[in-house]
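A.B. asks:
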Amino acid sequence: MQLYNSLGQTKQEFKPVNGNRVEMYTCGPTVYHYAHIGNLRTYIMEDVLEKYLRFAGYDVNRVMNITDVGHLSSDADTGEDKMLAGAKREHKGVLEIADFYTKAFFEDCKKLNIKYPDVVEPATHCIPEFIEMIEVLLDKGFAYIAGGNVYFDTSKLDSYYVFGKMNEDDLAVGVRDSVEEDENKRNKTDFVLWFTKSKFEDQELKWDSPWGLGYPGWHIECSCISKKHNGEYLDIHCGGIDNAFPHHTNEIAQSESYLGHKWCSFWFHVLHLNDARGKMSKSKGDFLTVSLLENKGYDPLVYRMFCLQSHYRKPLTFTYESLDNTAKAYEKLIKRISALKAEGEADTATADKLLLPFREALDNDLNTSLAITCVYDVLKADADDATKRYVLGEMDKVLSLGLLKGEAEAEDNSDNELSAEIEALIAKRTEARANKDWATADAIRDKLKEMNVVVVDTKDGISWHFA
Ligand code: AMP
Ligand code: ZN
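So the mapping is simple: the numbering used here equals the position in the sequence shown, first residue as 1, plus 50.
(1) Drop a sphere of 10 angstroms on the beta-carbon of A477, count the other beta-carbons inside from all chains shown, and report buried for 16 or more, exposed for fewer.
(2) Can you give me the C-alpha to C-alpha distance between A436 and L323, rounded to a whole angstrom?
(3) Compute the beta-carbon to beta-carbon distance between G264 and T239, rounded to the nearest angstrom, for a pair I have assumed lies under 8 Å.
(4) Nearest CA to the CA of I195: which residue from T92, W244, K486?
(5) What are the partner residues of F241, as DSSP defines its beta bridges?
(6) Listed by chain order, which residues have C-beta atoms less than 5 Å from any heavy atom of the ligand ZN?
(7) Does Y426 pass the burial test, meaning 16 or more other C-beta atoms within 10 Å, or should it be called exposed?
(8) Near K329, what residues of its chain come up, given a Cβ to Cβ distance below 6 Å and the 5 sequence neighbours on each side ignored?
(9) Between the region 170–188 and the region 269–282, can you find at least three pairs of beta-carbon atoms closer than 8 Å?
(10) Confirm the yes/no value for this check: CB of K334, any heavy atom of the ligand AMP, distance under 6 Å.
(11) Does DSSP classify M445 as helix, strand or coil?
(12) Below 6 Å, is the gap between the Cβ of K329 and the nearest heavy atom of the ligand AMP?
(13) With DSSP collapsed to three states, give me the class of F64.
(14) Is it true that the CB of F213 sits closer than 7 Å to the CB of S56?
(15) Along the chain, where does the beta strand (DSSP E) that runs through R363 open and close?
(16) Can you tell me the Cα-Cα spacing of N68 and E140, whole angstroms?
(17) When you compare only the Cα positions, how much space is there between G129 and Y362?
(18) Any heavy atom of the ligand AMP closer than 6 Å to the Cβ of R91?
(19) Could you pull the start and end residues of the alpha helix (DSSP H) that S209 belongs to?
(20) Give me the Cα-Cα distance between Y440 and A401, rounded to the nearest whole angstrom.
(21) So, T204 versus Y210, is the Cβ gap smaller than 7 Å?
(22) With hydrogens ignored, establish whether the beta-carbon of N293 is closer than 6 Å to any heavy atom of the ligand AMP.
(23) Could you tell me which uninterrupted beta strand (DSSP E) segments, each at least 3 residues in length, are contained entirely in the region 84–116, listed from first to last along the chain?
(24) State the beta-bridge partners of L122 as determined by DSSP.
(25) Specify, as a first and last residue, the run of the alpha helix (DSSP H) that Y426 falls within.
(26) Answer with buried or exposed for W268, where buried requires no fewer than 16 other C-beta atoms within 10 angstroms of its C-beta.
(27) Distance check for S360 and G347, CA to CA, integer angstroms please.
(28) How many whole angstroms separate the CB atoms of Q304 and S259, which I take to be in contact at a CB cut-off of 8 Å?
(29) Quick one: Cα of R236 to Cα of G120, how far?
(30) Using the Cβ count rule (16 or more neighbours within 10 Å means buried), how would you classify V504?
(31) Any beta carbon of chain B sitting closer than 7 Å to that of L454?
(32) DSSP state of I512, grouped into three classes?
(33) Give me the residue from I286, G58, L162 with the minimum Cα distance to Y108.
(34) Under 7 Å between the Cβ atoms of H86 and F295?
(35) According to DSSP, is T480 helix, strand or coil?
(36) Using the rule of at least 16 other Cβ atoms within 10 Å of the residue's Cβ for burial, across every protein chain shown, is P66 buried or exposed?
Given below as structure tokens:
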């Protein structure tokens, strides 16, 4: 598989360090508010990547953190903690807020058919691991203490801007926004590993540490949680493009300085979802959620399809008009698939042939829009319905668009219709017997028998089952 790697900024052959095993890490949500559909674009594309790796035969271990502490309102280590701001907004405790929005996040993921990661770890569960990593960084001379906080010393690195020029541009944005520089920092790119002092309203959650009562910086959590659950070598690290700098850059600085060797081979970044005002952003407060789309009558899988129709490395603009187009296309697609007959066996040679272009599309830097074209090509292909259904089922292991759901729903509905008919007959028979209308009661009994239905008189009333 060829995959674009932000490290090197080229498409490269994806190869895990350890044979068939893929160690994958995903920056999880900051849980001070609902995830917006921009965040979820990132998680949808990461889900497709994970599922395609599994489809290609890899054994994937996917780890995700939950940022329930330490992410300040500015990435430059200034401002209020986002969790504390959320708790104040809703007059609740920080952990209560974290718990509520973590659950809400995974509910949204479920609606979008995003698989639950193999490991989910909240940052607040790993304080001893953070402290250990920071102690080693201090011992090795990669960190220093100033003004009560512990800082990472970026001047000790051979190279800091690992993702190239893009990051320097991002840094310039920070400067333009006139982020107040922390005077304790020796270099402007240094960042906080552990806070004991903040000029902003303090954290609600604090822990004892060798440097005093305090709380961790944002970046340390991902380095530690990945080391804890993925081991010392990471094959692929995922996140939205805004996390490339400074968050991922700082993760690399910490992990490689701590471990003493190269840490992660591939960096997979998803470009932003924008709306008319630009990048959709949680901190702006006014954003679109999955529930909002549902309330407007959209199936969440329509949004998934909307995301898959464009490449993850291109920015995507959300409009209701384009979502409406996807909704129509999705409905038609599901209808066409549900018209395929469910009988017969798939022809495996034909199925393999039909799956080939699908694999090629995804092998080429996860070209999901081409993969969707392959779904339509299957419908047009010269193959029997059983083979088409089998191939679509295989494709859906990766796309997770519920391609065969029309069929399941049709079965469900026909089951429901049948049950309703049987129950109506039983009710009529009961009434006929009550009226001593034996002829009608017997006719209904025969009809039910023909339908293979066994009626049982129990002390709680009449029940039935198929013979
Ligand atoms: P957060 O919960 O804000 O920490 O973000 C969770 C994930 O969503 C991170 O990987 C971000 O990079 C990503 N993200 C944030 N905003 C957007 C957006 N507008 N479009 C796509 N991904 C985003
Ligand atoms: Zn992270």
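We put the CB at the ideal spot given by N, CA and C, even for glycine.
C.D. replies: Working from what's here:
(1) For A477, the number of other beta carbons within 10 angstroms of its own is below 16, and it is reported as exposed.
(2) Going by the C-alpha atoms only, they are around 38 Å apart.
(3) So it is not a contact: roughly 22 Å between Cβ atoms.
(4) W244
(5) F202
(6) Listed by chain position, these are C77, C272.
(7) exposed
(8) H322
(9) yes
(10) Taken from the Cβ of K334, every heavy atom of the ligand AMP lies 6 Å or farther away.
(11) If DSSP states are grouped into helix, strand and coil, M445 belongs with the helices.
(12) yes
(13) Correct three-state label for F64: coil.
(14) Contact flag set, yes.
(15) Note, R363: premise wrong, no beta strand (DSSP E); not H, not E.
(16) Distance between the alpha carbons of N68 and E140: 46 Å.
(17) 31 Å
(18) In this structure, the ligand AMP has a non-hydrogen atom nearer than 6 Å to the beta-carbon of R91.
(19) Run containing S209: none; DSSP gives neither H nor E here.
(20) 7 Å
(21) yes
(22) yes
(23) 109–116
(24) D131
(25) 418–430
(26) buried
(27) 23 Å
(28) The Cβ separation is near 16 Å, so there is no contact.
(29) 21 Å
(30) exposed
(31) You won't find chain B in this structure, because it holds only one protein chain.
(32) strand
(33) I286
(34) Contact: no.
(35) helix
(36) buried
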